[in-house]
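As structure tokens, the structure follows; a few thoughts come after it.
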Amino acid sequence: MTQKLLILLLFLGSFFLHSQNLVWKTDMNDAIVASDTQKRPLLIFFTATGISTRIQSEIFATPDFAVWSRDNVILVKLDLSDAAASDVVKEQNVKLKNALGIDELPQVCLLLASVRKGKTTFNNMGLIPYRQGGAKVWIADANSILNP
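Heads up: the sequence shown is residues 1078 to 1225, going by the working numbering.
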């Protein structure tokens, strides 16, 4: 019995550790290159200090999201209140937020980015609002945008 419990704990622990090891890019230029190279859309999470963290704890911190995101998107987290960011980066992030029509935070946007002849083009696929129901419901919403 003890051995089965230990195996179960190790198995579940590996999922939780994996979900905590998400790699969120914070530089749009790096994210665009990764998206173009890997032919995967960007999942841009717009946030700021003092904003609700429900989406992070209920969706992004789950093993389901970790597996799904690894296979489907390039994760980008743009903290619009990041004091460590340069003025140029802050301005770039605010311009992107406004161009995508994001009016409240936190918000998630799916976006295709490609670079051709040194010019970056974006294709806004859609916004994914937070709604109750957990990661599986949220992932289903995201999949409906990625695969219409």
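Ideal Cβ placement from N, Cα and C applies to all residues, glycine included.
{"Check": "My output table needs one value for A1227: the three-state DSSP class, helix, strand or coil.", "Outcome": "Given that the chain is displayed from residue 1078 to residue 1225, the structure contains no residue 1227 and the question cannot be resolved."}
{"Check": "At 3 residues or longer, what runs of the beta strand (DSSP E) sit wholly inside the stretch 1141-1180?", "Outcome": "1151-1156"}
{"Check": "My understanding is that D1141 touches I1222, with C-beta atoms under 8 Å, so please give their C-beta distance in whole angstroms.", "Outcome": "Wrong, their Cβ atoms sit about 17 Å apart, outside the cutoff."}
{"Check": "Could you have a look at N1224 and say whether DSSP puts it in helix, strand or coil?", "Outcome": "coil"}
{"Check": "Distance, Cα to Cα, G1210 vs E1135?", "Outcome": "9 Å"}
{"Check": "Which word fits D1107, buried or exposed, when buried means at least 16 other C-beta atoms lie within 10 angstroms of its C-beta?", "Outcome": "exposed"}
{"Check": "Could you tell me whether the Cβ atoms of L1188 and F1199 are closer together than 9 Å?", "Outcome": "yes"}
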